[in-house]
Amino acid sequence: MPVMDEFKEEREALKHGTLKQKWQYFLDYYKWFVIVGVLILIFAGSFLYQLITRKERAIFAALVNAYELEPAAAYPETFAEYAGIDLEEYDVFFDSSMYLDSSNLAAVDENTMATTQKLMVYIAAREIDILVASESTINSYAYNETFHDLRTILSAEQIKKYEPYFYYMDQEVADARNEADVTGEDYVSVPDYPSPRNPEAMENPIPVGIYLDAAEGLLENYYFSDDAVILSVPANTPHSENAVKFIDFIFQ
């Protein structure tokens with residue numbers, strides 16, 4: 001008997017069947033279609049909910065080699081209030097999960113490698129608005145021209161206030177190192193990093209960071225394992241205004 005004729009006979013017999021028979025017929029023929037359909041609806045609903053309710057990020061601060069102290073739990077909310085950021089619409093995110101071996105940036109331990117890769121991806125994707133890290137870490141990024149010249153985003157009053165804490169890179173040294181990268185020149189002839197606190201000894205000093213020695217607001221909430229930490233603002237941040245507000249916030 002053809003399959004369609006057999007199917008018609010089953011459907012005709014089912015019309016006069018018991019409730020149990022009808023339920024069994026449903027399980028035999030439609031159960032998996034319904035289950036798959038429900039799962040698709042759940043997934044689609046979840047995706048749409050996340051898409052609709054997802055908040056734009058107002059600021060993302062990457063705090064390298066930092067450990068949260070007890071008050072840090074409320075720190076993002078405190079900053080949001082200071083900066084006038086509505087947390088119903090925007091996210092404020094401080095990431096203190098990253099670790100780098102500052103004594104040896106060539107280290108191959110798992111945490112250092114993971115953090116190095118994460119920072120590279122986040123900075124390239126314009127995700128990071130504030131980077132707080134050790135002098136050696138900031139050096140490696142500063143001399144690849146990663147950060148803002150702070151004179152371009154700070155007011156004259158702010159420059160005067162924070163100038164005693166500026167971290168400087170020497171553009172002449174950066175150019176020499178970039179030239180060595182292009183030509184394949186041996187780094188033996190390339191100048192070493194000059195002292196970041198001594199712009200007078202540089203050919204072309206540019207302030208691209210701020211030492212956080214006096215940033216009590218931040219140091220009361222996070223402990224940094226490095227002796228000296230510096231705050232820098234990536235040049236490609238889409239939230240430079242909030243980054244500047246954060247600088248004022250931690251030095252108040």
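Residue numbers in the sequence shown follow my numbering, run continuously in steps of one, and reach 252 at the last position. All residues carry an ideal CB built from backbone N, CA and C; glycine is no exception.
By how many angstroms is the C-alpha of residue j removed from the C-alpha of residue i?
{"i": "residue 209", "j": "residue 137", "result": "12 angstroms"}
{"i": "residue 223", "j": "residue 155", "result": "29 angstroms"}
{"i": "residue 84", "j": "residue 240", "result": "15 angstroms"}
{"i": "residue 254", "j": "residue 88", "result": "Shown here, the chain extends from 1 to 252; a query on residue 254 therefore has no answer."}
{"i": "residue 246", "j": "residue 170", "result": "25 angstroms"}
{"i": "residue 148", "j": "residue 71", "result": "30 angstroms"}
{"i": "residue 249", "j": "residue 174", "result": "31 angstroms"}
{"i": "residue 96", "j": "residue 86", "result": "23 angstroms"}
{"i": "residue 214", "j": "residue 130", "result": "17 angstroms"}
{"i": "residue 75", "j": "residue 226", "result": "21 angstroms"}
{"i": "residue 234", "j": "residue 142", "result": "9 angstroms"}
{"i": "residue 232", "j": "residue 153", "result": "12 angstroms"}
{"i": "residue 114", "j": "residue 165", "result": "30 angstroms"}
{"i": "residue 150", "j": "residue 212", "result": "15 angstroms"}
{"i": "residue 262", "j": "residue 58", "result": "It is not possible to answer for residue 262, since the shown part of the chain is limited to 1 through 252."}
{"i": "residue 53", "j": "residue 205", "result": "For residue 53, the predicted structure reports a pLDDT of 46, less than 50, and the residue's modelled location is therefore unreliable. A value from the coordinates is still provided. Each residue's Cα considered, the two are about 45 angstroms apart."}
{"i": "residue 216", "j": "residue 60", "result": "20 angstroms"}
{"i": "residue 176", "j": "residue 237", "result": "26 angstroms"}
{"i": "residue 118", "j": "residue 109", "result": "14 angstroms"}
{"i": "residue 168", "j": "residue 195", "result": "8 angstroms"}
{"i": "residue 201", "j": "residue 133", "result": "24 angstroms"}
{"i": "residue 228", "j": "residue 251", "result": "16 angstroms"}
{"i": "residue 62", "j": "residue 98", "result": "8 angstroms"}
{"i": "residue 79", "j": "residue 180", "result": "42 angstroms"}
{"i": "residue 139", "j": "residue 77", "result": "31 angstroms"}
{"i": "residue 146", "j": "residue 81", "result": "29 angstroms"}
{"i": "residue 178", "j": "residue 244", "result": "29 angstroms"}
Taking the DSSP output, what are the residues bridged to residue i?
{"i": "residue 166", "result": "210"}
{"i": "residue 109", "result": "DSSP output for residue 109 lists no bridge partner at all."}
{"i": "residue 94", "result": "61"}
Quick one: what does DSSP say residue i is sitting in, helix, strand or coil?
{"i": "residue 233", "result": "coil"}
{"i": "residue 126", "result": "coil"}
{"i": "residue 121", "result": "helix"}
{"i": "residue 131", "result": "strand"}
{"i": "residue 64", "result": "coil"}
{"i": "residue 143", "result": "coil"}
{"i": "residue 85", "result": "coil"}
{"i": "residue 248", "result": "helix"}
{"i": "residue 175", "result": "helix"}
{"i": "residue 99", "result": "coil"}
{"i": "residue 59", "result": "strand"}
{"i": "residue 159", "result": "helix"}
{"i": "residue 153", "result": "coil"}
{"i": "residue 71", "result": "helix"}
{"i": "residue 238", "result": "coil"}
Practice problem: Within the segment 181-230, note down every full alpha helix (DSSP H) run reaching 4 residues or more, in order along the chain. | Solution: Residue ranges of uninterrupted alpha helix (DSSP H) with 4 or more members, entirely inside the segment 181-230 and ordered along the chain, are 216-219.
Quiz prompt | contact_flag[the segment 211-225, the segment 62-77] where n(CB pairs < 8 angstroms) is 3 or more | solution = These segments touch.
Exercise. Flag this pair as touching only if the segment 112-129 and the segment 148-168 have three or more C-beta atom pairs under 8 angstroms; answer yes or no.
Key: No, they do not touch.
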